[in-house]
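Student: Numbering (this note's numbering), first residue to last: 451 to 803.
C-beta atoms are modelled at their ideal positions from N, C-alpha and C, and glycine is treated no differently.
Treat the numbers as computed from the prediction; the structure is a model and nothing was measured.
I am attaching a structure below and will ask some questions about it afterwards.
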């Protein structure tokens, strides 16, 4: 057993939650951002302004979502070159065969294919053939075997959440908003989770609300300690910056969580906010304004296919309220109350930025 552990260490194969569900999942979200998400932004701008070249650029980027996710995951798993580059084909196969739940299929299949490739890497004198062959064969075969089932399972679970949100918008608005918001602040990827589940529609809107509540909420809550640098770093970057402080004093997380519990049902019940853009945008919040761009791209698609007559002033009002104004006001109020009650103390939210 000790020899096997030593061999795994030599091959840089670490079987852990940290490696597979934090590092690999986070990298998958970056791959999605660099392909599907940026492609959607290009396509949306091109469609709105009649610039066909931007639409073409966007379509090429979106078509590479599977390979981009797989290579990003492989990079996070420290794959050697032959394994990493072969994952391009593996990602394409897994994403295509996974259908609507392609991102989950890509994650699972790529992890297995990458580790198999690493196992055989540089073990023979014909590494140039053996390593890519093992990676490709295992990846494509697993895609054929597991891809459709994984994709269907992810899609079905995502559809269940979306169906439940349509049926019970108040309760599910709270649940989805709080859970996805918490996932955004934790060192895992809320964007990848939303993408894997294909979380769009009203549930996607609740997810956006939860993410914005965490990012804008922490930005405003910690303004006393971090000033403008912290406001932009958290409000347009990530609330994950507060994880170190949360570990020291978990009570500082109460205000953003309560905020998400309020803005979620407001989004679903009052503003009927829907994310009909790329599902990955549902888990991005105000990070680079990706969540808001995703909502807007969904509006554009809905207008184009006749599902929506036009983008109204109320649509914009709802998006701005849910994304920025309500999280800022609510978290500010909670912050004042919690500081007076000594739940939050001076310095608890200080960032080293």
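For residue 766 and residue 798, what's the separation of their Cα atoms in angstroms?
Tutor: 35 Å
Student: Excluding five sequence neighbours on each side, which residues of the same chain lie with their C-beta closer than 8 Å to the C-beta of residue 465?
Tutor: 458
Student: Rounded C-beta distance between residue 486 and residue 512? I'm assuming under 8 Å.
Tutor: 5 Å
Student: Can you tell me where the alpha helix (DSSP H) with residue 682 in it begins and where it stops?
Tutor: 673-685
Student: State yes or no: is the C-beta of residue 470 within less than 9 Å of the C-beta of residue 489?
Tutor: no
Student: Does the distance from the C-beta atom of residue 604 to that of residue 478 stay below 9 Å?
Tutor: Going by beta carbons, residue 604 and residue 478 fall outside the 9 Å limit.
Student: What is the residue span of the alpha helix (DSSP H) that residue 523 lies within?
Tutor: 515-526
Student: Residue ranges of each alpha helix (DSSP H) run of no fewer than 4 residues wholly in the stretch 575-663, ordered along the chain?
Tutor: 577-617, 619-635 and 640-647
Student: Measure the CB-CB distance between residue 735 and residue 648 and report whether it falls below 9 Å.
Tutor: no
Student: From residue 747 to residue 572, what distance separates their C-alpha atoms?
Tutor: 46 Å
Student: Roughly how many angstroms lie between the CA atoms of residue 527 and residue 556, to the nearest whole one?
Tutor: 14 Å
Student: Taking 6 Å as the limit between beta carbons, can you name the residues of its chain near residue 719, skipping five residues before and five after?
Tutor: In chain order, 619 and 620 place their CB closer than 6 Å to the CB of residue 719, counting only its own chain and leaving out the 5 sequence neighbours on each side.
Student: What is the rounded straight-line gap between the Cα of residue 749 and the Cα of residue 758?
Tutor: 7 Å
Student: Within 10 angstroms of its Cβ, does residue 596 collect 16 or more other Cβ (buried), or is it exposed?
Tutor: Buried, because 16 or more other Cβ atoms sit within 10 Å of the Cβ of residue 596.
Student: With DSSP as the reference, identify every bridge partner of residue 725, one or two as the case may be.
Tutor: 651
Student: Return the CA-CA distance between residue 787 and residue 494, expressed in angstroms with no decimal places.
Tutor: In this structure, the CA atom of residue 787 is about 42 Å from the CA atom of residue 494.
Student: Just the C-alpha distance for residue 707 and residue 694, rounded to the nearest angstrom, thanks.
Tutor: 17 Å
Student: Could you compute how far the alpha carbon of residue 804 sits from the alpha carbon of residue 581?
Tutor: Because the chain is modelled from 451 through 803, residue 804 falls outside the range shown and cannot be assessed.
Student: Should residue 476 be counted as a contact of the ligand PLP given a C-beta to heavy atom distance under 8 Å?
Tutor: As for the ligand PLP, it is missing from this structure, which has no ligand bound.
Student: Can you find the residues in the same chain that come closer than 7 Å, C-beta to C-beta, to residue 474, ignoring five residues on each side of it along the sequence?
Tutor: 523, 526, 527, 557 and 561
Student: Count the other CB atoms within 10 Å of the CB of residue 784; is the residue buried (16 or more) or exposed (fewer)?
Tutor: buried
Student: Just the C-alpha distance for residue 730 and residue 627, rounded to the nearest angstrom, thanks.
Tutor: 15 Å
Student: Would residue 531 be called buried (16 or more neighbouring beta carbons within 10 Å of its own) or exposed?
Tutor: exposed
Student: Kindly indicate the opening and closing residues of the alpha helix (DSSP H) around residue 703.
Tutor: Neither: residue 703 is in no alpha helix (DSSP H) and is coded neither H nor E.
Student: Report all residues from its chain with a CB closer than 6 Å to the CB of residue 631; omit the five preceding and five following residues, and keep chain order.
Tutor: 660, 661, 663, 664 and 710
Student: Can you list, in chain order, the residues of its chain whose CB lies under 7 Å from that of residue 566, leaving out five sequence neighbours each side?
Tutor: Same-chain partners within the cutoff: 584, 585 and 588.
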